[in-house]
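Be aware that the first sequence starts at 20, since it is given in my numbering, and climbs by one per residue.
These notes are about the structure you will find just below.
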Amino acid sequence: MPELPEVETTVRETAPHINGRRITGVALPWEGIVREPALAEFRSGLIGETVTGITRRGKYIFWHLSGGKVLNLHLKMSGSLLVKPSSAEAGKFTRAIFYFDNDTAIHFRDPRKFGVIRLLDGPEKVTGRLGPEPLEGGFTRKFLERSLARRKAPIKAVILDQNFIAGIGSMYADEALFAAGINPQRRPGSLTPEEVKRLHRAIRQVLRSGIEHMGASTSTYFRPGGEAGFAHHHFKVAHRRGKPCPVCDTPLEYIKLRGRGTCFCPRCQPLK
DNA sequence: CCCGGAACCTGAAGGC
DNA sequence: TGCCTTCAGGTTCCGG
20 MPELPEVETT
30 VRETAPHING
40 RRITGVALPW
50 EGIVREPALA
60 EFRSGLIGET
70 VTGITRRGKY
80 IFWHLSGGKV
90 LNLHLKMSGS
100 LLVKPSSAEA
110 GKFTRAIFYF
120 DNDTAIHFRD
130 PRKFGVIRLL
140 DGPEKVTGRL
150 GPEPLEGGFT
160 RKFLERSLAR
170 RKAPIKAVIL
180 DQNFIAGIGS
190 MYADEALFAA
200 GINPQRRPGS
210 LTPEEVKRLH
220 RAIRQVLRSG
230 IEHMGASTST
240 YFRPGGEAGF
250 AHHHFKVAHR
260 RGKPCPVCDT
270 PLEYIKLRGR
280 GTCFCPRCQP
290 LK
């Protein structure tokens with residue numbers, strides 16, 4: 020499931036192929052992927068534009084265009100961007116294809132059709148309310164401490180809230196909470212300053228590690244070259260229900276928390 | 001503002 | 001073999 024490390028990997032590994040290149044065509048095997056504007060305007064606004072930069076904010080990808088607009092892509096739960104030669108045909112799950120002037124195409128593959136593409140005047144429309152980037156300066160221990168204070172939902176639900184911190188999803192939330200020794204059901208207000216400090220460090224550490232290992236390919240996510248990432252090989256709890264805790268060998272517990280599969284170690288992450 | 005649940009989707013995997 | 005259920009979960013919308 021694409022979260023910050025998977026999206027960052029996608030940006031890094033697509034950019035060298037398309038940055039500075041001109042978009043020569045668009046194909047939409049599933050038109051429903053385009054959220055806005057209407058299709059005719061979408062196509063005409065895109066074709067002929069040069070990509071002048073590629074950025075990420077949270078889980079959102081932006082292709083900055085020479086005319087001033089931005090193409091916004093969101094992989095949601097099952098999307099990948101794949102770099103292909105122009106001649107490559109659409110696969111069964113290819114929902115959109117962007118063709119460039121260097122014999123390169125980007126295929127948006129998305130089995131479950133949750134993915135979204137928008138052509139916008141600027142990123143603000145989708146990033147306006149997002150919380151800070153966890154790997155940048157705005158995400159300080161103080162910020163975490165202060166903003167957790169008034170939250171009542173379970174800690175995992177809070178760090179999944181994109182308006183609280185941008186980029187964390189269910190897998191890296193489980194990993195961060197394990198690394199910090201905090202039960203996912205704990206109330207934010209009950210965390211000690213020491214625990215908040217550990218959580219702050221853990222969030223940054225698991226995301227950095229995820230990027231270093233080029234993202235996690237737990238089911239449908241692939242890197243732009245079609246290869247799997249390696250991050251899931253380093254997961255300690257995420258997607259490991261029933262398996263022994265890597266620290267204490269206790270079988271990992273599985274619960275549904277706010278509809279999200281959640282794995283944790285009942286011994287290393289006790290519910291006080 | 002905050003919370004929790006439903007809805008959106010479809011393939012894979014497991015049980016019987 | 002085949003049918004049924006469960007699981008995967010990012011975001012938005014809605015009611016409380």
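Just so it is clear, CB atoms sit at the ideal spot from N, CA and C, and this is done for glycine as well.
Quick caveat, the model's predicted, so the values are computed rather than measured.
For a cut-off of 8 Å, the C-beta gap from LEU167 to VAL225 is around 18 Å, too long to register as a contact. According to DSSP, residue pairing for PHE183 in a beta bridge does not occur. Counted as a single uninterrupted DSSP element, the alpha helix (DSSP H) harbouring ALA59 occupies residues 58 to 65.
Note: HIS252 is not bridge-paired with any residue in the DSSP secondary-structure output. In this structure, PRO130 lies away from THR33, with their beta-carbon atoms at least 7 Å apart. Look at GLY261 here: in three-state DSSP terms it is coil, with no helix or strand label. Note on the region 121 to 208: whole alpha helix (DSSP H) runs with a minimum of 4 residues are 143 to 146, 160 to 168, 174 to 179 and 189 to 199, in chain order. With contacts defined as CB atoms closer than 7 Å, LEU101 and ARG128 qualify as a contacting pair. One alpha carbon belongs to LEU65, the other to ARG76, and they sit about 21 Å apart.
Looking at the DSSP output, GLY72 bridges to HIS83. For LEU226, the enclosing alpha helix (DSSP H) starts and ends at 212 to 231.
Here the alpha carbons of ASP122 and SER106 stand approximately 8 Å from one another. If you look at LEU23, you'll find it isn't in any beta strand (DSSP E); it sits in the alpha helix (DSSP H) that goes 23 to 37. Exposure of PRO104 is indicated by the presence of fewer than 16 other C-beta atoms within 10 angstroms of its C-beta. Within a 10 Å sphere around the beta-carbon of GLU60 sit fewer than 16 other beta-carbons, which makes this residue exposed.
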